[in-house]
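**Student:** I'd like to ask some things about the structure below.
Structure follows, in structure tokens:
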């Protein structure tokens, strides 16, 4: 385990955290009427100004706005980089592969003809020095094989090549699942190697996310996809916190879509399926809400370790997701009390 004093980086985290949106800020933007008004509020009153200021005076498009919000997360990570030694920087760099992988998925949607080039470019994550792949150049390719030739020297080539000749729908499904599996495998493996047994709290949230994603995948796979139980198990993620492969196998073979609440009753994850209404609609929100609580608890704990860094990055990500949910709500003219149902953090609205 790499040795490092985390008191300095913890002080920096506290300073950045103090500038994040408060409950009152969220209530304020929930009561606004347009995307433009939300932009103006964040630009005038919050630390998001550092990624929004140069859009001031322009007509604000939702996609541009959302990309800038995610850019804020990149700026936070880069600020924390300065206070970490090289081993921990490398681990955070692995964490940032998430955005590289999401961009790669978009490229394949384009070359397969599922989305237009302009739409893809609008949704690209911009993270500069955190990736060596030229995604704009990849959008000039005409086929999956051409894209693979361009990324031949990357770790993704060997993962995707076996599926290059697959039918369109199967290709996109297999590639997404394999890339996600690769990402979490790399991230947790590197985390455990660096942090060791003395800092298990730092990997607990990540491994609990793996648990929850696996349970969600098993639920959706068995309910909606024409797949064998063996094939579903082939795509589960590694390194779960409470559910290893054998436990997941047991879940799959005992799975009863009509009694999910009973199957998971008295387990730490019973909240995932203990829902009378809108089980599918709010499943992602329930996962994020649970991890939000875990991250907040770790960040506020007295222990000084790398877990505070990862927990804080998670909380920044959750805040951005909530802001985007509020932005999205303006399209549908949702009342404030309805918007709160879609947020990760709990915002009690007084009518």
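Numbering (this note's numbering), first residue to last: 151 to 501.
Quick reminder that beta carbons are idealized off the backbone N, C-alpha and C, glycines included.
(1) From this set, 267, 335 and 263, which residue's C-alpha is nearest residue 318's C-alpha?
(2) Helix, strand or coil: how does DSSP classify residue 264 here?
(3) Compute the Euclidean distance between the alpha carbons of residue 154 and residue 471, then round it to the nearest angstrom.
(4) Alpha carbon to alpha carbon, what distance is there between residue 410 and residue 315?
(5) Looking only at its chain, what residues have a beta carbon closer than 8 Å to the beta carbon of residue 446, apart from the 5 residues adjacent to it on each side?
(6) Do residue 325 and residue 255 count as a contact pair if the criterion is CB distance below 8 Å?
(7) Assuming the contact rule is C-beta atoms closer than 8 Å, residue 159 and residue 459 should be a hit. Round their C-beta distance to whole Å, please.
(8) Let me know if residue 103 comes out buried or exposed under the rule of 16 or more other beta-carbons within 10 Å of its beta-carbon.
(9) Considering just the uninterrupted stretch of the alpha helix (DSSP H) at residue 371, what are its terminal residues?
(10) How about residue 395 and residue 386: do their beta carbons lie closer than 8 Å?
(11) Looking only at its own chain, which residues have a Cβ that is under 8 Å from the Cβ of residue 421, when we skip the five neighbours before and after it?
(12) When you compare only the Cα positions, how much space is there between residue 291 and residue 426?
(13) Please state whether DSSP places residue 493 in a helix, a strand or coil.
(14) For residue 457, I'd like the list of residues in its chain whose CB is within less than 6 Å of its CB, leaving aside the five on either flank, ordered along the chain.
**Tutor:** Working from what's here:
(1) On the chain shown, position 168 is the one that residue 318 refers to. Closest option to residue 318, Cα to Cα, is 263.
(2) As a working note, residue 264 is residue 114 in the chain shown. Three-state result, residue 264: coil.
(3) The count along the chain shown starts at 1 and reaches residue 154 at position 4. The count along the chain shown starts at 1 and reaches residue 471 at position 321. Between residue 154 and residue 471, the C-alpha separation is close to 31 Å.
(4) Locating residue 315 in the chain shown gives position 165, counting from the first residue. Locating residue 410 in the chain shown gives position 260, counting from the first residue. Near 37 Å, if we compare the C-alpha coordinates of residue 410 and residue 315.
(5) Walking along the chain shown from the start, residue 446 turns up at place 296. Counting only Cβ-Cβ distances below 8 Å, and skipping sequence neighbours, we find 461 and 465.
(6) Along the chain shown, read from residue 1 onward, the residue named residue 255 stands at position 105. Along the chain shown, read from residue 1 onward, the residue named residue 325 stands at position 175. Between residue 255 and residue 325, the gap from beta carbon to beta carbon is short of 8 Å.
(7) Position 9 of the chain shown holds residue 159. Position 309 of the chain shown holds residue 459. About 6 Å; that satisfies the 8 Å criterion.
(8) Lying before the first or after the last residue shown, residue 103 is absent from the chain, which here runs from 151 to 501.
(9) As a first step, residue 371 must be located in the chain shown, where it is residue number 221. Counted as a single uninterrupted DSSP element, the alpha helix (DSSP H) harbouring residue 371 occupies residues 351-374.
(10) Within the chain shown, the letter at position 245 stands for residue 395. Within the chain shown, the letter at position 236 stands for residue 386. In this structure, residue 395 places its C-beta atom within 8 Å of the C-beta atom of residue 386.
(11) Numbered from 1 along the chain shown, position 271 holds the residue referred to as residue 421. Once the five neighbours on either side are set aside, the close Cβ partners of residue 421 are 436 and 440.
(12) Here residue 291 refers to the residue found at position 141 when the chain shown is read from its first residue. Here residue 426 refers to the residue found at position 276 when the chain shown is read from its first residue. Taking the straight line joining both Cα atoms gives about 47 Å.
(13) Position 343 of the chain shown, counting from 1, holds the residue named residue 493. If DSSP states are grouped into helix, strand and coil, residue 493 belongs with coil.
(14) The count along the chain shown starts at 1 and reaches residue 457 at position 307. Excluding sequence neighbours, residue 457 sits near 351, 352 and 448.
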